[in-house]
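S.K.: Let me give you the structure first, and then I'll get to my questions.
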Amino acid sequence: MSNSSEHPIPQYCDVVVIGGGAAGLSAALTLTRARRSVVVVDGGEPRNAPSAGVHGYLTREGMSPAELVAVGRAEIAGYGGHFLDAEATSVRKVDEGFQVSAGDRVITARRVVVTTGLVDVLPDVPGVRELWALDVHHCPYCHGWELSGRTVGVLGGGPRAAHQALVFRQWVTDVVLFTHTADDLTEEQAEQLAARGIAVVHGRVVDLRTTDGRLSGVELADGTVVPRQSLVVAPTFVARSAVLESLGLLPEEHPMGQYILTDPFGLTAVPGVWAAGNVTDLAGGVVNAASAGMTVGVAVNSDLITDDIAAAVRAHRSTAAVGADQG
1 MSNSSEHPIP QYCDVVVIGG GAAGLSAALT LTRARRSVVV VDGGEPRNAP
51 SAGVHGYLTR EGMSPAELVA VGRAEIAGYG GHFLDAEATS VRKVDEGFQV
101 SAGDRVITAR RVVVTTGLVD VLPDVPGVRE LWALDVHHCP YCHGWELSGR
151 TVGVLGGGPR AAHQALVFRQ WVTDVVLFTH TADDLTEEQA EQLAARGIAV
201 VHGRVVDLRT TDGRLSGVEL ADGTVVPRQS LVVAPTFVAR SAVLESLGLL
251 PEEHPMGQYI LTDPFGLTAV PGVWAAGNVT DLAGGVVNAA SAGMTVGVAV
301 NSDLITDDIA AAVRAHRSTA AVGADQG
């Protein structure tokens with residue numbers, strides 16, 4: 001949904017929300033219902049676009065990501081929110097607040113909310129990127145139910161591989177752990193895997209075999225092909241935070257990747273700039289992002305109320321002083 005000419009995008013608003021996924025739309029909904037002028041700037045590249053449906057979100061189970069966004073946009077538009085379909089390239093501090101550059105537009109806002117999500121840095125194995133979110137997954141709570149009855153492989157490469165295999169065994173009876181580039185298993189891990197009937201295949205994975213566009217096997221360096229219908233990997237999660245670099249906000253290191261550090265209410269190290277969703281919470285699902293967006297929306301509105309009160313007090317004092325002088 002682009003903003004129509006009947007409702008032109010304002011050059012000045014209370015809040016610009018950068019990112020139009022669950023976190024950004026939730027923040028925008030909260031703020032528009034608080035009678036704040038809001039522009040949502042979104043480049044149209046959602047992380048979960050390849051997914052068939054959203055899971056674990058009460059009342060939205062199985063809804064496609066595109067439908068979730070469309071419904072959210074319609075709700076926000078109903079409260080007067082605006083949308084700019086362009087990628088935000090920079091945020092600059094100015095006297096009035098912040099200037100957000102996106103496409104050929106510059107919007108000045110009193111506050112900024114960043115909900116740009118993260119990038120999944122996938123293992124460097126041919127076929128993984130092409131099958132991502134189709135037959136290659138990482139989250140059991142997002143895809144475990146759908147993998148029931150399938151043959152599943154878990155790609156080693158980090159310290160979480162054995163744990164991932166054990167967790168996915170809750171949903172899948174036929175699980176194979178490919179050690180790939182992971183460290184040797186500990187005795188405890190080997191015992192746990194054996195106890196749960198999880199086979200361990202040693203050797204480096206070099207390719208994924210497909211049949212009619214779907215995963216059919218995992219190929220090892222020695223030429224062995226192990227039949228599998230799905231593969232579990234452990235991506236590195238990197239906050240999509242380039243737009244914040246112009247403010248000097250750089251991502252922090254995290255065991256799972258990189259993220260933007262905030263306080264419990266989403267405030268970043270730059271006053272007036274908040275963040276919500278996967279850009280600051282690498283492990284959160286869609287429902288977590290929506291919840292965080294509402295939390296940030298409330299925090300931003302409270303901050304604006306404080307400013308509004310201060311401005312009203314200054315105006316009141318000025319009027320009272322003029323009245324006293326005239327008296």
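Residue numbers (my numbering): 1 to 327.
By construction, the Cβ of each residue, glycine as well, lies at the ideal position given by its N, Cα and C atoms.
A quick note: this is a predicted structure, and the numbers were derived from the prediction, not measured.
Classify leucine 244: buried if its beta carbon has 16 or more other beta carbons within 10 angstroms, exposed otherwise.
M.R.: Buried, because 16 or more other Cβ atoms sit within 10 Å of the Cβ of leucine 244.
S.K.: With the cut-off set at 7 Å, would you say valine 296 and glycine 248 are in Cβ contact?
M.R.: Their beta carbons are not under 7 Å apart, which means valine 296 does not touch glycine 248 by this criterion.
S.K.: What are the partner residues of serine 230, as DSSP defines its beta bridges?
M.R.: According to DSSP, serine 230 bridges with Val152.
S.K.: Which of helix, strand or coil does DSSP assign to threonine 295?
M.R.: Threonine 295: helix per DSSP, three-state reduction.
S.K.: Any idea what DSSP makes of histidine 254, helix, strand or coil?
M.R.: Strand at histidine 254.
S.K.: Can you name the residues that DSSP bridges to arginine 214?
M.R.: The partner list for arginine 214 (beta bridge, DSSP) reads Thr211.
S.K.: Drop a sphere of 10 angstroms on the beta-carbon of glycine 157, count the other beta-carbons inside from all chains shown, and report buried for 16 or more, exposed for fewer.
M.R.: Glycine 157 should be labelled buried.
S.K.: Spatial neighbours of serine 26 within its chain, please: C-beta separation below 6 Å, excluding the five flanking residues on both sides.
M.R.: These residues qualify, in order along the chain: Ala290, Gly293 and Met294.
S.K.: Excluding five sequence neighbours on each side, which residues of the same chain lie with their C-beta closer than 7 Å to the C-beta of cysteine 333?
M.R.: Lying before the first or after the last residue shown, residue 333 is absent from the chain, which here runs from 1 to 327.
S.K.: Could you give the distance in angstroms between the alpha-carbon of threonine 151 and the alpha-carbon of valine 226?
M.R.: In a straight line, the C-alpha of threonine 151 is about 10 Å away from that of valine 226.
S.K.: May I have a chain-ordered list of the alpha helix (DSSP H) segments no shorter than 4 residues that lie completely inside the stretch 5-53?
M.R.: Correct list: 22-33.
S.K.: How many Å lie between arginine 240 and valine 279 at the Cα?
M.R.: Computed Cα separation, rounded: 6 Å.
S.K.: Thinking threonine 100 and valine 16 are a contact (beta carbons under 8 Å), I'd like their distance in whole angstroms, please.
M.R.: First, the amino acid is wrong: residue 100 is valine here, not threonine. Yes, valine 100 and valine 16 are in contact; Cβ-Cβ is about 5 Å, under 8 Å.
S.K.: Is the beta carbon of threonine 179 sitting closer than 7 Å to the one on histidine 143?
M.R.: No, these two residues do not count as a Cβ contact at 7 Å.
S.K.: Taking the straight line between their C-alpha atoms, what separation do you get for glutamine 326 and alanine 311?
M.R.: For glutamine 326 and alanine 311, the distance between alpha carbons rounds to 23 Å.
S.K.: Between proline 10 and the rest of its own chain, which residues show a CB-CB distance below 8 Å, the 5 nearest in sequence each way excluded?
M.R.: Ser37, Val39, His82 and Ile107.
S.K.: To which residues of the same chain is valine 206 closer than 8 Å at the C-beta, ignoring the five residues directly before and after it?
M.R.: So the qualifying residues of the chain are Val125, Pro126, Glu219, Leu220 and Ala221.
S.K.: Mind reading off the beta-carbon distance from glutamine 164 to alanine 102? Whole number of angstroms is fine, and I expect it under 8 Å.
M.R.: Rounded, the Cβ-Cβ distance is 38 Å, inconsistent with contact.
S.K.: Less than 7 Å between C-beta atoms, sequence neighbours within five positions excluded: which residues of the same chain meet that for arginine 92?
M.R.: For arginine 92, where only same-chain residues beyond five positions count, the Cβ hits under 7 Å are Phe98, Gln99 and Ser246.
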